[in-house]
Structure formats: C-alpha cells, structure tokens
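K.L.:
Please see the structure below; I have some questions.
Number of protein chains: 2
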Amino acid sequence: MRIAVLGTGEAGRRLGSKLVSLGHEVTLGSRSADNPRAAEWAAGHRSAHGTFAAAAGGAELVVNATGGLVSMAALEAAGTENLRGKVLIDVSNPLDFSAGMPPKVVTPDGGSLAEQIQRAFPETRVVKTLNTMTNTIMVDPGRVPGDHVVFVCGDDAEAKSVVTGLLRSFGWPEARIVDLGDLTGARATELVLPLWLRLFGIFGSADFNFALPRA
Amino acid sequence: MRIAVLGTGEAGRRLGSKLVSLGHEVTLGSRSADNPRAAEWAAGHRSAHGTFAAAAGGAELVVNATGGLVSMAALEAAGTENLRGKVLIDVSNPLDFSAGMPPKVVTPDGGSLAEQIQRAFPETRVVKTLNTMTNTIMVDPGRVPGDHVVFVCGDDAEAKSVVTGLLRSFGWPEARIVDLGDLTGARATELVLPLWLRLFGIFGSADFNFALPRA
C-alpha cells in the first residue's frame, strides 16, 4: 500500500520503518520539503519524504504521527482534498507539557482530538489506535510478555478493518486488538496518557503496556 | 481498627462488609441518622451506622465511598474536626453522568478530586486507591486471574503504608500494589474511568482489571 506517515518524530519514523519492512511504499511527511530528519530517514529506508500535502496526496492511507497539539495544523497543511476518502490512522496524543509534568490532556469540549480531526475532515475515515503505548511496542508487541492489548476505535467499520489488518501484520494477535466501538472511544484512550506517563516515570522504562485480565 | 465507611452505595457496603469480616469495627456513614439501607446493612453485620459526622468522629480511619460529585459535601458534613489527623481512603470517582454516556470526569482545574479533598482538609491524610476497578474485585482480587494491579497514591508515606497494609489484608500481593507517588497521581487514576466504563460496556461485565506487563 502507498502510505503517508505524517510526523518525523520517533513514532513517525518507527512506524514508517516498520511499514517499509512490510513492503509498503512509505512517504514521510513534514512541514517543509527539506526537513533534514525526514531526508535522512528516507535515504536510509529507500523511501520518500516531502511536505504533509505531497505525502498525503500520493498515499492511499495516512498515519497521523505528529504531536497532538500540532496535529490539526499538520492535517490542514496536508489538505482536505489529499485526505478525502482515505483511512487516517491517528496515533497522536493531545498532551500539553507547557506547565511541566504531569502534562495536561487537551480534550476540546470533553471530546477527543480524534473526534476533532473527524469533524474537520468529515470525508476522511479516522481510526484511533496505538496511542496508549511507546512506539517500539506499537510495531513489536512481542517486546513485552503477556496478553497486553491495543485499542482501536472509529466510525467507519471498513476503515477499522483495514487498520486491524495492519495491526495484525505488526504482530498483534486478533484477540489482543480491543475494538472500543465508534470514535468517541478515543476520549477513553487519550485520557489514559497521564497514567501511562506516571508509570513511565515510576518504572523508569516505557517497555510496558496495559493488559485486561477478565474473570 | 475503628473504621468509618462514608457512603451506603454498593462500594461502601462491600468495603464495610469486608472490613467487618477482617475484624474491624465499622460504622457506615450516610447523610441522615436513619438511612434505611445503612440500618439494614448494620443489622446484618452486627455493626453501627450513623451520620457522616458520627461515623467519622468515632473512627481512627475513614473511607470515602460516596459518589464523587457529592464527596465534598459529604466530607464537609463529616466535619474537619472529625477528620483531623486521620487517614482518609478515597475510592470515589468524580463522574458526571448528567449528559448520559460516556460520563465526563470532573477534575477541577486539571487536578483531581483527591487533591481537592486534601486541600479542603489539610490535616487529614488522604490516600487515593481502589477507584480503578469494580467493588467486588477491590475486596477479592482473586476473582480475576493474572497479575492485575491496584494503584495507591498520597502525600503522607505513613498513611500510604497503613493503606497498603489494609490492601494486603484484602488479598492484594505487595507486588501488585503500584505506588504512584504523591497525590497528584490521582489525576492519572481518575482519568482512567472513561476507559474502564467503555470496557465495561464492551465486555458486558465489570469483572476485569488492569495489568501492567513489562519487558
């Protein structure tokens, strides 16, 4: 598949590299066409890079791996036309670190960033997933033992099915992909980040994830 | 120990019953001295019941098991003098269901209800715990298999130690009691409730809990 990964941070590059290794044609998107980090990544992975708009325009599926506070700006730069009809995987977290730790989760109007994106791009098929763990686990769930899970939610069933297919190709067993239903489920997963960050601080490591043992 | 459990809902009665079974002297506190549910519970458990103030006044340790939106009022009714110097275990969740599902977590000023309680009663030693699971699991962790956890946080180390002692007597192994540090950790656990409620809806059962497998 032709996939645009928007965002050149650790998560974006990690997801891009995994997608390349699975045979996808990846373009790493950033604000400018000459982003040095994007260029370096692209050279190292025989892949492309470009502006948000160029990356999204050429893609069948788009991953939003930008920082949550700049995601709306990045997607506006990508452009409504370039996102229309496409599956958009949103892995971002709207965290405001400006007042130090712990950061605040910025959920407009009690909703979620994913819903805000969906409202702004109604013809794009937003699926929220992977935002409740560190990027190394996203693409290599076997790093952590046990039946830990990945959450997925979205309003478009077919889009969710495309995304769960990708998650399975990352190594997530079907039984550990927890479908939270429609996109309002993103409110739940975005609000988990303060706990995740607290545990990260206590454990001194991001190599953990949530599991959900049941009676 | 002489323990006041404030709140006659399912959580309060469940915690009260467990504490009685462990040999503690429990008084169930409610708004009025003649609350029928409190009277019935007390009769069935050879225990006492009374107003929030009467219950707290006679206790060495107080459990806040009232609904999160009425906790401040309940604790004000209990009275500053009756809470002074005592360990207060806060198991409540500040959830507003007035606009239907999903409820909103009402965290004043980006903080937590537990911190709000601590600020209002500075000489009381607030410990937040047990609010991330259903009440049957609180007092019987063996109901659910696996290494699921209970979080604890608070500003007073000695108070936390009293509370973890109680948790161990409930059946929680030391290794599954996760100390989140000071009371700001309550922001993290209170914000987990939307995910908990979403999972409750999807699983059709509250018999699950969070585990934290690590690499």
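Chains as they are written, first to last, in my numbering: chain A, 1 to 215; chain B, 1001 to 1215. Note that CB positions come from ideal geometry on N, CA and C, so glycine has one too.
#1: Just the chain A side, please: which residues come within less than 8 Å of Ile-1202 of chain B by C-beta, in chain order?
#2: Write down the C-beta distance between Gly-16 of chain A and Val-5 of chain A rounded to the nearest angstrom, noting that I regard them as a contact closer than 8 Å.
#3: Closest by CA to Ala-1059 of chain B, which one among B:Leu-1028, B:Ala-1215 and B:Gly-1154?
#4: Could you tell me which residues DSSP puts in a beta bridge with Lys-128 of chain A?
#5: Which word fits Asp-90 of chain A, buried or exposed, when buried means at least 16 other C-beta atoms lie within 10 angstroms of its C-beta?
#6: Ala-211 of chain A CB to nearest chain B CB: under 8 Å?
#7: In chain A, which residues lie less than 7 Å from Lys-1104 of chain B when you measure between Cβ atoms?
#8: Taking the C-alpha atoms as reference points, what is the distance between Ala-1160 of chain B and Pro-1141 of chain B?
#9: Please determine if the region 1044 to 1060 of chain B and the region 1193 to 1202 of chain B are in contact, where contact requires at least 3 C-beta pairs separated by less than 8 Å.
#10: DSSP three-state call for Phe-1121 of chain B: helix, strand or coil?
#11: Span of the alpha helix (DSSP H) holding Thr-136 of chain A?
#12: Please confirm whether Arg-1119 of chain B has its beta-carbon closer than 8 Å to some beta-carbon of chain A.
#13: Can you say whether Gly-7 of chain A is buried or exposed, counting buried as having 16 or more other CB atoms within 10 angstroms of its CB?
#14: Taking C-alpha atoms, which residue in B:Arg-1014, B:Asn-1209, B:Met-1101 and B:Val-1020 lies nearest to Val-1144 of chain B?
#15: Output the boundary residues of the alpha helix (DSSP H) element that contains Thr-21 of chain A.
#16: Identify which residue in B:Leu-1193, B:Leu-1130, B:Thr-1189 and B:Asp-1147 has its Cα closest to the Cα of Thr-1164 of chain B.
#17: Measure from the alpha carbon of Arg-119 of chain A to the alpha carbon of each residue in A:Thr-80, A:Trp-41 and A:Val-26, then state which is nearest.
#18: Taking Cβ-Cβ distances shorter than 8 Å, what residues in chain B pair up with Phe-208 of chain A?
#19: Excluding the five sequence neighbours on either side, which residues of its own chain have a C-beta within less than 6 Å of the C-beta of Val-178 of chain A, listed in chain order?
#20: Under 8 Å between beta-carbons, which chain A residues line up against Thr-1134 of chain B? List them in chain order, please.
#21: For a contact defined as C-beta to C-beta under 9 Å, what are the partners of Val-1192 of chain B on chain A?
P.N.:
Taking the geometry as given:
#1: Val-178, Asp-179, Leu-180 and Gly-181
#2: 4 Å
#3: B:Leu-1028
#4: A:Asp-90 and A:Cys-153
#5: buried
#6: yes
#7: Gly-110
#8: Looking at the sequence shown, residue 1160 of chain B is not Ala but Lys. Distance between the alpha carbons of Lys-1160 of chain B and Pro-1141 of chain B: 19 Å.
#9: no
#10: coil
#11: 135 to 138
#12: no
#13: buried
#14: B:Asn-1209
#15: The sequence given here places Ser at residue 21 of chain A; Thr does not occur at that position. Taken as a continuous stretch (DSSP letters only), the alpha helix (DSSP H) holding Ser-21 of chain A covers 10 to 21.
#16: B:Leu-1130
#17: A:Thr-80
#18: Leu-1212, Pro-1213, Arg-1214 and Ala-1215
#19: Val-149 and Phe-151
#20: Within 8 Å Cβ-Cβ: nothing; Thr-1134 of chain B doesn't reach chain A, min ~10 Å.
#21: Ala-188, Leu-191, Val-192, Pro-194 and Leu-195
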